[in-house]
Amino acid sequence: MVAGIHRLLPDAKIIYILRNPVERMWSYTAMYFHKWHSKQADQLPRADIERVLLKPENLRNGDYMTTWQTWRKFYSTRQIYVGFFEQLVQHPAEFLQQIYRFLAIDPAEHYIPKNVAKKQHAGPGITIPSYWDQYLSQYYHPTLVKLHAHFDNAYTANWLAQAEKTLQV
Numbered sequence: 005m006v007a008g009i010h011r012l013l014p015d016a017k018i019i020y021i022l023r024n025p026v027e028r029m030w031s032y033t034a035m036y037f038h039k040w041h042s043k044q045a046d047q048l049p050r051a052d053i054e055r056v057l058l059k060p061e062n063l064r065n066g067d068y069m070t071t072w073q074t075w076r077k078f079y080s081t082r083q084i085y086v087g088f089f090e091q092l093v094q095h096p097a098e099f100l101q102q103i104y105r106f107l108a109i110d111p112a113e114h115y116i117p118k119n120v121a122k123k124q125h126a127g128p129g130i131t132i133p134s135y136w137d138q139y140l141s142q143y144y145h146p147t148l149v150k151l152h153a154h155f156d157n158a159y160t161a162n163w164l165a166q167a168e169k170t171l172q173v
């Protein structure tokens, strides 16, 4: 897929936004049940959650390093903007301005939408049950170690620390 994109758009700029894979996977699962079944994921039997949460293709979406390496085979680091979900949540206007700069778009404040901080398509906000937090922390721990070794920032450090704290319980 990436090879095909590169063949058509070799000068493209890629925007890659990372979120703690444990939180991303639980958020996806909670949203899935909320949107498609009008149910709260934390109130469902474990087997129902497993059918969604443990699908290999869903878990693979959190393998950010493999995705990063795939895109890097075709695009230089100058062509890939890596942002972090926490940046978007904590400072949405500044985050958007960084993306504008990356895309060589005028980042002036009057180009920032007034509702930039308003959540769009927000999920039900259900806290991850401890069983699934431990499971996903264990599953994604190797990925988190690689992410932090590569990106070495406060976001990846926090993700790794959260997973390791969960695994100590």
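Under the working numbering, think of the first position of the sequence shown as 5, with each following residue one higher. By construction, the Cβ of each residue, glycine as well, lies at the ideal position given by its N, Cα and C atoms. None of the values given here were measured: they were computed from a predicted structure.
Query, Result
"Under the three-state DSSP convention, the category F78 falls into", "coil"
"Among K59, Y79 and H10, the one whose alpha carbon lies nearest that of W30", "K59"
"Cβ neighbour criterion (16 or more within 10 Å) applied to Y115", "exposed"
"Check whether G87 and I21 have beta carbons under 9 Å apart", "yes"
"Own chain, CB closer than 7 Å to G107, minus 5 neighbours either side, in chain order", "In the sequence under discussion, the amino acid at residue 107 is Leu, which differs from the Gly named in the question. Taken in chain order, the residues that qualify are K17."
"According to DSSP, residues forming a beta bridge with L12", "In DSSP, L12 forms no bridge with anything."
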